[in-house]
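>
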Amino acid sequence: MADYKEIITRYKDLPGGIIEAYHAIQKEQSYLPEEAIIAAAEVFEIPVKDAYGVATFYSMFSVKSRGKNVIRICESAPCHIAGAADVVAALEKELGIKMGETTPDGKFALEFTECVGQCQATPVITINGKPYGDITADKIPAILAEYK
Amino acid sequence: MAEEMRVVLRNYGKIDPLKIDDYINAGGYKSLEKARSMSQMDVINEVKKSGLRGRGGAGFNCGQKWTFAYQAQADQKYVICNADEGEPGTYKDRIIMENDPHSVLEGMAICGYAIGATKGYIYCRGEYPYVVDILNTAIAQAKEKGVLGNFDVEVRMGAGAYVCGEETALIESIEGHRGEPRYKPPFPPVIGLWGKPTIVNNVETFANIAVILEKGADWYAGLGAPSYPGTKVLTLTGDVVNKTFVEVPTNTTIRQVIYEFGGGIAGGKAFKAVQIGGTSGGFIPASLLDTQIDFDSMAAIGATLGSGAVLVMDETRDIVDVVERIAKFFEHESCGKCAPCREGTMRMHKLMSKVNQGKGTAQDVALMDKLGRVMSVACLCGLGQAAPSPVLTTIKHFKADYDAKLQ
Amino acid sequence: MANVTIDGIKVSVPDGSTILQAAQVAGVRVPTLCYHPDQAVKANCRVCVCEVEGQRLLQAACSQPVYDGMVVKTHSPKVVEARKTILELILAHHPQDCLSCIRNQNCELQALAEEYAIRENPFEKMVRGLPKDTSTPSIVRDPDKCVLCRRCVYACSVFQSVNALGLENRGNHAMVVPSLGKDLLDSPCVMCGQCIHACPVGAITENEQIDEFLAAVADPDKVVVTQIAPAIRVAIGEEVGMKTGEMPMEVFVAGLRQLGFDYVLHTNFTADLTILEEGNELLKRLKEGGKLPMFTSCSPGWINFCETFYPDLLDNLSTCKSPQQMFGALVKTYWAEKMGIDPAKIYSVSIMPCTAKKFEASRPEMKDSGFRDVDLVLTTREVGRLFRMAGIDFSKLAPSKFDSWMGAYTGAAVIFGATGGVMEAALRTVYEVVTGKTLEDLNFTFARGMEGIKEAEIDLDGTKVKVAIGHGLANARKLMDQVRAGQSPYHFIEIMACPGGCIGGGGQPLTKANVKRAERIDAIYVEDEGLPLRKSHENPEVKVLYEEFLHEPLGHKSHELLHTHYTPKNKKFL
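Residue numbers (my numbering), protein chains in the order written: chain A, 169 to 316; chain B, -11 to 395; chain C, 27 to 600.
(1) I need the straight-line Cα distance from C:CYS172 to C:ALA229, nearest angstrom please.
(2) Residues in its own chain within less than 7 Å of B:PHE48 by CB, not counting five upstream and five downstream?
(3) Which of the three DSSP states, helix, strand or coil, is assigned to A:TYR226?
(4) How many whole angstroms separate the CB atoms of C:LEU499 and C:ALA523, which I take to be in contact at a CB cut-off of 8 Å?
(5) Assign C:GLY155 to one of two classes, buried (16 or more other C-beta atoms within 10 Å of its C-beta) or exposed (fewer than that).
(6) Between A:PRO201 and chain B, is any beta-carbon pair separated by less than 8 Å?
(7) Decide if the region 298 to 317 of chain B is in contact with the region 30 to 47 of chain C; the criterion is three or more beta carbon pairs, one per stretch, under 8 Å apart.
(8) For C:MET506, tell me which candidate among C:ILE418, C:CYS88, C:TRP328 and C:PRO121 has the shortest Cα-Cα distance.
(9) Tell me, please, which residues DSSP counts as bridged to B:GLU248.
(10) DSSP on C:ARG167, reduced to helix/strand/coil?
(11) Would you say the region 272 to 286 of chain A touches the region 110 to 118 of chain B, given that touching needs at least three Cβ pairs under 8 Å?
(12) Look at the Cβ atom of C:THR100, then the Cβ atom of C:VAL30, and state whether they are nearer than 8 Å.
(13) Would the beta-carbon of C:PHE321 fall within 8 Å of that of C:LEU343?
(14) Rounded to the nearest angstrom, what separates C:THR489 and C:LYS310 at their Cα positions?
(15) Just to check my reading of the structure: C:PRO379 and C:THR359 have Cβ atoms closer than 8 Å, yes? What is that Cβ distance to the nearest angstrom?
(16) Taking a contact to mean a Cβ-Cβ separation below 8 Å, would you say C:PRO256 touches C:PHE397 in this structure?
(17) For C:ILE258, which residues from the same chain have a beta carbon less than 7 Å from its beta carbon, with the 5 sequence-adjacent residues on both sides left out?
(18) On the DSSP letters alone, give me the boundaries of the alpha helix (DSSP H) that C:LEU193 sits inside.
(19) How big is the Cα-Cα spacing for B:ARG330 and B:GLU155?
(20) With respect to the beta strand (DSSP E) encompassing B:LYS260, which residues constitute its N-terminal and C-terminal limits?
(21) Straight-line CA distance for C:ILE222 to C:ASP168?
(22) Considering just the uninterrupted stretch of the beta strand (DSSP E) at C:VAL290, what are its terminal residues?
(23) Quick one: what does DSSP say A:ASP218 is sitting in, helix, strand or coil?
(24) Can you give me the start and stop residues for the alpha helix (DSSP H) that B:ALA287 sits inside?
(25) Give the straight-line distance between the Cα atoms of B:TYR79 and B:GLU73, rounded to the nearest whole angstrom.
(26) Cβ closer than 9 Å: which chain A residues qualify as neighbours of C:GLY207?
(27) Looking at the structure shown, is A:TYR190 part of a helix, part of a strand, or coil, going by DSSP?
(28) Suppose you measure from the CA of C:PHE185 to the CA of C:PHE428; what does that come to, to the nearest Å?
(29) How long is the line joining the alpha carbons of C:GLU146 and B:SER268, rounded to whole angstroms?
(30) Report yes if the C-beta distance between C:ALA438 and C:LYS347 is below 8 Å; otherwise report no.
(31) B:ALA354 lies in the alpha helix (DSSP H); which residues open and close that run?
(32) Any contact of the region 182 to 194 of chain B with the region 205 to 216 of chain B, i.e. 3+ C-beta pairs under 8 Å?
(33) By DSSP, does B:ALA297 sit in helix, in strand, or in coil?
(34) What number of angstroms, rounded off, separates the C-alpha of C:PRO476 from the C-alpha of C:GLU483?
(35) CA-CA distance, A:CYS242 and C:GLU232?
(36) Which ranges does the alpha helix (DSSP H) cover as unbroken runs of at least 4 residues, wholly within the region 57 to 133 of chain C, from first to last along the chain?
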């Protein structure tokens, strides 16, 4: 388990830096465990209910445990008409899980995202924030292999 | 044949964005120097005279906005660059920041000087971690060179919330809160970040500032459409041959954008509709393609220029299906603070799904029309006010597509 | 000043006024839902939107400032369409079980639906179907009914600084939840119930225990005894169509007998007793160098707050039980013996202005009589419902007196119901005990009123005692932080959890605005003024109690029955 307090304390002097701190936690842990939210409230001297309110507001944060490598599939209109649904089907088949789930080995989580700003190459997915464009079903195994 | 005009992207492909010397050798930071030799009000007047209007979507006169912040009395003021580029189909701010980050920093520093702010923030969306790295490199280089003087810039990252593109939600997010918009007035130039006067401008707006000071307000005011001068960076997506970005003068027509820069409809198919300005933009039918893209011309046809996203749909596209997808987007991105948006975006999605599945009735369409009308005037912020636009404009221009799916 | 036209009516209002304020001046009522007179403007329900001439967007009347020459339409067709649609949207997401809702006929949403003639809702009814949160004995949350106005969040965090309630998720999934999405019991909630007053609908309510009461009076083997807290009389009339303070005490007593109580006694009796115990405790601490400042301990919301947020300061709390629990311990010992009633048969019901009292009565240590000291706590609102159920016409009811031995009281006990009352009552007694002189002016007016923190230095014949009074837990927090930092100049601090004191308690008739609290306070002091005895140590039945049973304040029996100890809550998160 990462030392949440130590990670969060690095951002203590940043006014309003809780969001940056949460990003740092997720880099280690891929989600925000309850202890990390409580630690953030302590470090930033805000009520836990507010630290929790922030953690559950932003779609990149998860307060539930999820796979180490977070695959996000853009479903915004440009990717939608470029065939995002086929990408979803291919990824679900490849990983054997449904959208919103994590693989049994804890390696991958599948999530929807809205536009990630790589629309010159629709449909797009990101893995841990890194974008992959012009995705087709046959490209998927090679991309996933980078993370196995 | 219409031609590109690269003002904002003046250095695109010509400099190494990670080398500040390249930018300086191309004339960079001279405008900042010039601004600092002028009075604050003279700088603001120059920007005002150029006619530059915000490139984020609201289209407010930039110099006018700066005047409010300049006039506000405070011990600290802030400049915020809105880099929370969240409109689906839009990536122009990314292109600017990736290829010419110093043009943004220079514009911010000029604004800081003009309004009396020594601290700036760039709020960059969480989906662009690689852009954050570039910006931080640029800031470090600028600090090392000392070009920014006493103006300090810090990058903050969003975490996946479209609503944070709304300036008061963005401010809330920088303050470390839930990204929920504030009611207005008071407006940020009077009471903004941490209660202090704050200017929030878009990346593209800031990228225009240095050129305006360099070449003069009159030169800029002469570009494009007089009521919305300058250029606009557009990003073309969907069924066009060239899925790319272009920078064009604002008097370019939609038809020119699609057929001359976009190379027309892909696969030799016919045009059906185009949605401009991002996912909250109106849908535009073929009959209106000769409209100029400037803010006021677009508003006159019930559309928007918005972020400059251009989503083209060919004759095979199912409009109702696309609009259902968009309705889901707004349900997902509503912050949930105000009742008509929280409840309305959810209802709109439910009703669109019903219609798209062939289970809808004419009453459902009428209800969406009424709901959309109410949301567009009653919601707390621009998100809820703009959210019904795709539904309302498609009911207006593509009614047959709906009728074909009704029971 | 700005000249504004509201629905054709010209008014002149101060600059910076909102449309809502200007409309009030014009005599036009603009409907509101998230608006709360004592809270910051939220502008999130959008029910108050109005049309401003020259503007495309409708403006929220609660947040939009007026300007000179502004022309506003508050009920134009465009406005009414928007308002109706917003109400339909909210209603379609609401259970609409109005008939069986605790807020039936006292619900702001219901009133708006009636006002806007909502009939056939075009939006399909969709309710989340979430379980109720019944984790505490005091408060029940029904998240399905929440309309996300956030008034409870404001009350909990700003008025009370408890921060038990917050937001979770966003958009259509946004909810008001206890911290970290837990049950209320696991949150920092102190059960003060101020969220209930803030709630416009039935999403947060008291844990209603009317059925337990009805079962008890139906049981022939039970002797049902009640005690009435000091703050009840001034407010109970509001529940049965009377004005604040209008209910005569003896008519109220008669009404309680109609409900089936076998004996009607008074918490005021133990309030007077509290003064003798607590006053002597203070004097002892002052004399013997005990822990100071000493804090009062009558308010169970405050005790929960101290145990939750200031466990390091528990030794500063007076060890006196609250008047409710002193009463509970005595009624099944002293009183039972004096009356010759088997204490096992006594069913002790207290009528309290307070939701936290329900929790207090359930504390495991509160069984010093050998039984559960207090069996049931009913709030003022629940008793109001019982009165309405019983169909009592108070105008025709013959007055009735309290029963003996724990029914007598003085004005000092009456003022326990208002912020500053315990302090004033204590000073009346402590002064006379310490100086041996008779107080000429019994009115310690510094202690009265709605100001958040009140303080004074009292001269007890040469001994100077510095005292402070805080009501509303945000004010308590300020005083406690001072103590924790070692900078408190005070010897004695009175804290009441609820704004205004018990008259503003979480179990009182729904109280949206502080002006209502101030009205009840006024009524309390009128009652005090009119009583022949106004000093606790002059209470004749308390004298008998000491002579026959307790023998002396802080004595062995008192220690056993009237004093308690406190336990840190050790909450995992705050």
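Note that CB positions come from ideal geometry on N, CA and C, so glycine has one too.
In this structure, then:
(1) Locating residue 172 of chain C in the third sequence gives position 146, counting from the first residue. Locating residue 229 of chain C in the third sequence gives position 203, counting from the first residue. If I take the Cα positions, the gap works out to 5 Å.
(2) Walking along the second sequence from the start, residue 48 of chain B turns up at place 60. ARG41 and GLY42, listed in sequence order.
(3) If you number the first sequence from 1, residue 226 of chain A lands on position 58. A:TYR226: coil per DSSP, three-state reduction.
(4) What you label residue 499 of chain C is simply residue 473 of the third sequence in a count that begins at 1. What you label residue 523 of chain C is simply residue 497 of the third sequence in a count that begins at 1. C:LEU499 to C:ALA523, Cβ: 6 Å. Contact.
(5) On the third sequence, position 129 is the one that residue 155 of chain C refers to. Result: exposed.
(6) Here residue 201 of chain A refers to the residue found at position 33 when the first sequence is read from its first residue. A:PRO201 does not count as touching chain B.
(7) no
(8) Counting from 1 along the third sequence, the entry for residue 506 of chain C is found at position 480. The residue with the shortest Cα to Cα distance from C:MET506 is C:TRP328.
(9) Indexing the second sequence from 1 puts residue 248 of chain B at position 260. None, per the DSSP bridge assignment.
(10) The residue you call residue 167 of chain C lines up with position 141 of the third sequence. DSSP places C:ARG167 in strand when its eight states are reduced to three.
(11) yes
(12) On the third sequence, position 74 is the one that residue 100 of chain C refers to. On the third sequence, position 4 is the one that residue 30 of chain C refers to. Going by C-beta atoms, C:THR100 is not nearer than 8 Å to C:VAL30.
(13) As a working mapping, residue 321 of chain C is identified with position 295 in the third sequence. As a working mapping, residue 343 of chain C is identified with position 317 in the third sequence. Yes, the Cβ-Cβ distance between C:PHE321 and C:LEU343 is below 8 Å.
(14) Residue mapping note: residue 489 of chain C aligns to position 463 of the third sequence, counting from 1. Residue mapping note: residue 310 of chain C aligns to position 284 of the third sequence, counting from 1. Cα-Cα distance, rounded: 14 Å.
(15) Here the question's residue 379 of chain C lines up with position 353 in the third sequence. Here the question's residue 359 of chain C lines up with position 333 in the third sequence. Wrong, their Cβ atoms sit about 26 Å apart, outside the cutoff.
(16) Numbered from 1 along the third sequence, position 230 holds the residue referred to as residue 256 of chain C. Numbered from 1 along the third sequence, position 371 holds the residue referred to as residue 397 of chain C. Going by C-beta atoms, C:PRO256 is not nearer than 8 Å to C:PHE397.
(17) What you label residue 258 of chain C is simply residue 232 of the third sequence in a count that begins at 1. ILE377, PRO379 and THR406, listed in sequence order.
(18) Start at 1 with the first residue of the third sequence, and residue 193 of chain C comes out as number 167. Segment 191 to 194 is the beta strand (DSSP E) holding C:LEU193; no alpha helix (DSSP H) there.
(19) Counting from one through the second sequence, the residue named residue 330 of chain B turns up at place 342. Counting from one through the second sequence, the residue named residue 155 of chain B turns up at place 167. Near 19 Å, if we compare the C-alpha coordinates of B:GLU155 and B:ARG330.
(20) Taking the first residue of the second sequence as 1, we reach residue 260 of chain B at position 272. 259 to 264 is the span of the beta strand (DSSP E), which, as asked, contains B:LYS260.
(21) If you number the third sequence from 1, residue 222 of chain C lands on position 196. If you number the third sequence from 1, residue 168 of chain C lands on position 142. C:ILE222 and C:ASP168: Cα-Cα distance of roughly 12 Å.
(22) On the third sequence, residue 290 of chain C is found 264 positions in, with the first residue counted as 1. 289 to 292 is the span of the beta strand (DSSP E), which, as asked, contains C:VAL290.
(23) Here residue 218 of chain A is taken as the residue at index 50 of the first sequence, counted from 1. Residue state, collapsed to three classes: helix.
(24) Residue 287 of chain B sits at position 299 when you count from the first residue of the second sequence. Run containing B:ALA287: 283 to 288, per the alpha helix (DSSP H) assignment.
(25) Taking the first residue of the second sequence as position 1, residue 79 of chain B is located at position 91. Taking the first residue of the second sequence as position 1, residue 73 of chain B is located at position 85. So the alpha carbons of these two residues sit roughly 7 Å apart.
(26) Locating residue 207 of chain C in the third sequence gives position 181, where the first residue counts as 1. The contacting residues are TYR220, THR224 and VAL231.
(27) The residue given as residue 190 of chain A occupies position 22 in the first sequence. A:TYR190 falls in the helix class under three-state DSSP.
(28) Along the third sequence, one-based indexing puts residue 185 of chain C at 159. Along the third sequence, one-based indexing puts residue 428 of chain C at 402. About 36 Å.
(29) If you number the third sequence from 1, residue 146 of chain C lands on position 120. If you number the second sequence from 1, residue 268 of chain B lands on position 280. Each residue's alpha carbon lies about 31 Å from the other.
(30) The residue you call residue 438 of chain C lines up with position 412 of the third sequence. The residue you call residue 347 of chain C lines up with position 321 of the third sequence. Result no, Cβ atoms of C:ALA438 and C:LYS347 do not sit closer than 8 Å.
(31) On the second sequence, residue 354 of chain B is found 366 positions in, with the first residue counted as 1. Its alpha helix (DSSP H) spans residues 350 to 366.
(32) no
(33) Translated into the one-based positions of the second sequence, residue 297 of chain B becomes position 309. In this structure, B:ALA297 counts as strand in the three-state DSSP scheme.
(34) As a first step, residue 476 of chain C is located in the third sequence; it is residue number 450 there, counting from the start. As a first step, residue 483 of chain C is located in the third sequence; it is residue number 457 there, counting from the start. It should be pointed out that residue 476 of chain C corresponds to Met in this sequence rather than to Pro. Taking the straight line joining both Cα atoms gives about 19 Å.
(35) Here residue 242 of chain A corresponds to residue number 74 of the first sequence, with the count starting at 1. Here residue 232 of chain C corresponds to residue number 206 of the third sequence, with the count starting at 1. So the two alpha carbons sit approximately 46 Å from each other.
(36) 103 to 118
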